[in-house]
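Notes for the one structure printed next.
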Amino acid sequence: MTMRAKLEARDIRLSYFQPRTNSEFLALDGVSLDVMEGEFVAIVGPSGCGKTTFLSVVDGLIAASSGRILVDGEVVTKPGPDRAVVFQDASLLPWRSVLNNVRYGLECLGAGAHESRERAARLITLVGLAGFEQHYPHELSGGMQQRVNLARALVVDPKILLMDEPFASLDAQTRELMQQELTTIWAKARKTVLFVTHQIDEAIYLADRVVVFSGRPGKVKASIAVDIERPRPIGIKRQAHFHELEDRIWSLIQDDAAAAPRVETSRT
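For the sequence shown, the residue numbers in my numbering are 825 to 1092.
Have a look at this one:
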């Protein structure tokens, strides 16, 4: 029996008309990608290759020029509660406590006060913030704010979690701590995850599979299985096989990266 993918991207093409140059700008050119139930897939590629744009198409925020996105076999036409996005900026509501920030999405969906508080409290515990329910965003570190952001996304029980460089604004030590925390949270929540990052080592450490986008216009250049057993200690990044995977992915990006030098590995 053949399993159906949780997420299917079929020949996604996206172009924009640019009035200033009176020309079409091709951002995505035939992106096809399947993500299976419970799979953690990371996307890497040169800056400007359309990674974030593709995530926006998956979320339904941007309509593709052609092709289609399906979740559980249903065509995506707009944003919906079956997909939740975690952005680089936590964007928490400053006048709401941690608990009330996390339950905000449930309120928007019409959940009752008791149910929303209970579900929010469970997710706050899951992300390691029990005891901080009544704190406000300005009282939290950057890493703690992103944990709230993650809990807010998970509390609506989405089918797919879309993450757009959620740790990019954190310092190096906090970023590695959050990577470890995310693998623990993912192992418990078992959500299907599509994760965009510039950091090759982050992609390898977190993902079951790393999808490499080509330079603009974006398309899938390669799909690399990460054959490293879980759970993964952070020290795995110093092992030879990890560096082999890193070098393999970097070699796929390198030709395109000349025009986009901001692509990083853990050793740059």
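C-beta: ideal position from N, C-alpha, C; glycine also.
Going by beta carbons, Ile-1052 and Val-1034 fall outside the 8 Å limit.
Under the 8 Å Cβ criterion, the region 942-955 counts as touching the region 969-979, having at least three qualifying pairs. Inter-residue distance for Ala-996 and Glu-989 is about 14 Å (C-alpha atoms, whole angstroms). Secondary structure at Arg-828: coil, using DSSP grouped into helix, strand and coil. Residues of the same chain with a CB within less than 8 Å of the CB of Ile-893, apart from the 5 flanking positions on each side, are Leu-831, Glu-832, Ala-833, Arg-834, Ile-836, Val-881, Val-882, Gly-884, Val-899, Val-900 in chain order.
When secondary structure is reduced to three states using DSSP, Lys-1045 falls in the strand class.
Note on Thr-1021: 16 or more other CB atoms within 10 angstroms of its CB, so buried under the neighbour-count rule. Runs of the beta strand (DSSP E) spanning 3 or more residues and lying entirely within the region 860-947 occur at 864-868, 890-895, 907-910, in chain order.
Note on geometry: alpha-carbon atoms of Glu-1000 and Pro-918 lie some 26 Å from one another. Assignment of Ile-836 by DSSP, reduced to helix, strand and coil, places it in the strand class. Distances from the alpha-carbon of Pro-905 to those of His-962, Ala-1046, Ala-954, Gly-929 put Gly-929 closest. Under the three-state reduction of DSSP, Leu-953 is assigned to coil, being neither helix nor strand.
In the structure shown, Thr-1016 falls within a strand segment according to DSSP collapsed to helix, strand and coil. For Val-972, the uninterrupted alpha helix (DSSP H) run begins and ends at 966-978, by DSSP.
Membership of Leu-985 in the beta strand (DSSP E) is indicated by the continuous run 984-988.
The beta carbon of Gly-966 sits closer than 6 Å to the beta carbons of Leu-994 from its chain, once the five residues preceding and following it are set aside; these are given in chain order.
Excluding sequence positions up to five before and after Gly-897, its CB lies less than 6 Å from no other CB in the same chain. Burial state of Tyr-840 is exposed, judged by a 10 Å Cβ sphere holding fewer than 16 other Cβ atoms.
Between the C-alpha atoms of Leu-857 and Gly-869 there is a straight-line separation of about 15 Å. Listed in chain order, the non-local C-beta contacts of Lys-902 below 6 Å within the same chain comprise Gly-884, local neighbours out to five positions each way being set aside. Lys-1061 and Gln-912 have their alpha carbons spaced roughly 23 Å apart. Taking each of Pro-961, Trp-1010, Leu-838 in turn and checking the Cα distance to Gly-862, the smallest one comes out for Trp-1010.
Under the three-state reduction of DSSP output, Ser-993 falls in the coil class, being neither helix nor strand. It is roughly 13 Å from the alpha-carbon of Leu-1018 to the alpha-carbon of Leu-1006.
Annotation for Arg-1033: the continuous beta strand (DSSP E) segment containing it runs 1033-1037. Of the residues Glu-963, Leu-838, Phe-991, the one whose Cα lies closest to the Cα of Gly-891 is Leu-838.
Per DSSP, the beta-bridge partners of Ser-847 are Gln-842.
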